[in-house]
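J.:
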Amino acid sequence: MKPIIDAGWHHFVKVAELGSISRAALAADVPQSVVSRHISLIEGDVGSPLFRRTGRGVVLTELGQQLYPRIKQLIAETQSLADEMRASRGVPVGDVRLGLLPSTVPALAGALYQRVLKEYPRVRLHLTEGSSSQLQELLDQGRLDLSLLLRDGGQAAPDEPVLVEGALCLVVASSDPLARRHEIRFEEVGGLPLVLPGEPHPLRERLALLARKHGLSLRIAAEANSIRLQHEIAASAAGYAITAESIAAYDRNRLVAVKIVEPVLARAIVLAVARHRPHTLATREIRALLLSIAPAILAQGDGTTRGFA
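Going by our numbering, the final residue of the sequence shown carries number 319, and the count climbs one at a time with no gaps.
1) Buried or exposed for P79, going by 16 or more other Cβ atoms inside 10 Å?
2) So the candidates are L275, L111 and P59; which of them puts its Cα closest to the Cα of R221?
3) I need the straight-line Cα distance from L265 to L118, nearest angstrom please.
4) If you compare alpha carbons, which of S113, Q146 and Q151 is closest to R287?
5) Have a look at S46 and H136 and give me their C-alpha separation to the nearest angstrom.
6) Excluding the 5 residues flanking P273 on each side, which residues of the same chain have their C-beta closer than 8 Å to its C-beta?
7) So, is K82 buried or exposed, given that buried needs 16 or more other C-beta atoms within 10 angstroms?
8) Does the Cβ of R297 have 16 or more other Cβ atoms within 10 Å, making it buried, or fewer, making it exposed?
9) Run through the DSSP bridge pairs and tell me what V130 is partnered with.
10) How many Å lie between S32 and Q42 at the Cα?
11) Buried or exposed: where does T290 fall if 16 or more other Cβ atoms within 10 Å of its Cβ makes it buried?
12) Distance, Cα to Cα, G29 vs K223?
13) Going by CA-CA distance only, name the one from A121, S143 and V103 that's closest to R132.
14) Terminal residues of the continuous alpha helix (DSSP H) containing G18?
15) Tell me the rounded alpha-carbon separation between N263 and G176.
16) Bridge partners for D186 per DSSP, in chain order?
17) Could you tell me which whole beta strand (DSSP E) segments of length 3 or greater appear in the stretch 168-233?
18) Mapping DSSP to helix, strand and coil, what is S58?
19) Please work out which residues of its chain come closer than 6 Å, Cβ to Cβ, to A232, disregarding the five sequence neighbours upstream and downstream, and give them in chain order.
20) Leaving out five residues on either side along the sequence, give the residues of the same chain with a beta carbon under 6 Å from the beta carbon of T138.
21) Smallest Cα separation from I303: which of P210, L213 and L122?
22) Taking just the CA atoms, how far does S157 sit from A247?
23) Return the first residue and the last residue of the beta strand (DSSP E) that D162 is part of.
24) Using DSSP with H/G/I as helix, E/B as strand and the rest coil, what is R63?
25) Go through its chain and collect everything with a Cβ distance to R191's Cβ below 7 Å, but skip five positions before and after it.
26) Would you report the Cα separation of S141 and L300, rounded to the nearest angstrom?
27) Do A282 and L111 come within 9 Å of each other at the CB atom, strictly closer than that value?
28) I279: which of S143, Q240 and P207 sits nearest, CA to CA?
29) Roughly how many whole angstroms lie between the Cα atoms of V307 and T64?
Structure (structure tokens):
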């Protein structure tokens with residue numbers, strides 16, 4: 011069998027991810043015939059088809075499904091080793107994949123890119139935006155090296171440094187009588203028509219547990235899986251969202267945040283690392299850079315970064 015990291019296996023992974031030989035060829039900027047030939051060669055080497063053709067592209071066979079995660083991991087490890095070898099002189103080199111929460115993107119993404127370009131010109135930074143649950147899944151799958159994640163009060167792991175802490179609030183329309191208040195007890199919140207993420211979701215689970223503890227039944231007026239959608243519904247006075255300690259700048263004229271107390275719903279943004287992905291000098295340096303600049307940026311904010319979402 012040919013070396014496991016030859017071009018054919020790289021094409022195999024790309025075809026598996028895109029579900030199409032033509033799309034894989036386009037992504038690799040090579041003729042489709044080249045990808046097809048490589049796939050045929052490695053299928054000949056292993057003695058069995060790795061893909062099954064369908065009307066809309068290709069899907070992995072059972073053998074292909076078994077090989078895909080192992081080949082992808084080997085390619086990642088090989089790339090990591092190559093980066094480490096190139097970085098043997100102490101210069102960070104290679105790809106770093108970082109996940110950012112939507113509320114952190116406006117202030118952090120640009121500032122981080124500028125610092126990386128200036129201080130680590132040979133590092134290629136790949137940013138992914140998503141909810142905490144989405145980013146956690148990508149991190150667990152080894153598709154991210156680092157990620158900002160949400161943790162409820164006291165639930166950060168020992169290897170997850172806290173970047174910023176805050177409290178969840180009831181987000182109400184500025185015309186609502188509740189907008190004149192600074193605080194609201196959770197018992198009162200339980201009786202309001204709420205706009206929450208659909209299940210399963212960590213916030214839903216947390217609120218449901220707390221409601222049961224206080225003998226309450228939550229009123230779910232609407233389900234929306236993005237902060238912006240939740241805020242839009244709250245701004246229309248059709249319900250109340252539970253999200254941020256501060257409100258995005260574009261919402262300040264329409265929305266007000268009222269701190270939830272008794273109990274306070276503490277929440278933190280932490281920096282997590284992939285546990286099943288090899289780390290390089292580049293990932294370690296970017297992690298250190300984030301730890302040095304992110305807390306101040308997220309704590310200051312500009313009205314758009316402390317949304318804890």
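Built from N, CA and C at the ideal position, the CB exists for glycine as well. All values reported here derive from a predicted model rather than from experimental measurement.
T.: Here's the rundown:
1) exposed
2) The sequence given here places Ala at residue 221; Arg does not occur at that position. When only C-alpha atoms are compared, the closest one is L275.
3) 24 Å
4) Q151
5) 29 Å
6) F196 and L220
7) buried
8) buried
9) Correcting the residue identity first, residue 130 is Tyr in this sequence and not Val. In the DSSP output, where bridge partners are listed per residue, Y130 has none listed.
10) 6 Å
11) buried
12) 47 Å
13) V103
14) A17 to L28
15) 22 Å
16) D186 is not bridged to any residue.
17) 172-177, 179-183, 193-195, 203-206 and 229-233
18) coil
19) V205, I243 and G249
20) G109
21) L122
22) 34 Å
23) L156 to D162
24) strand
25) V268
26) 19 Å
27) no
28) S143
29) Just to set this straight, residue 307 is Ile in the shown sequence, not Val. Cα to Cα, the separation comes out at about 49 Å.
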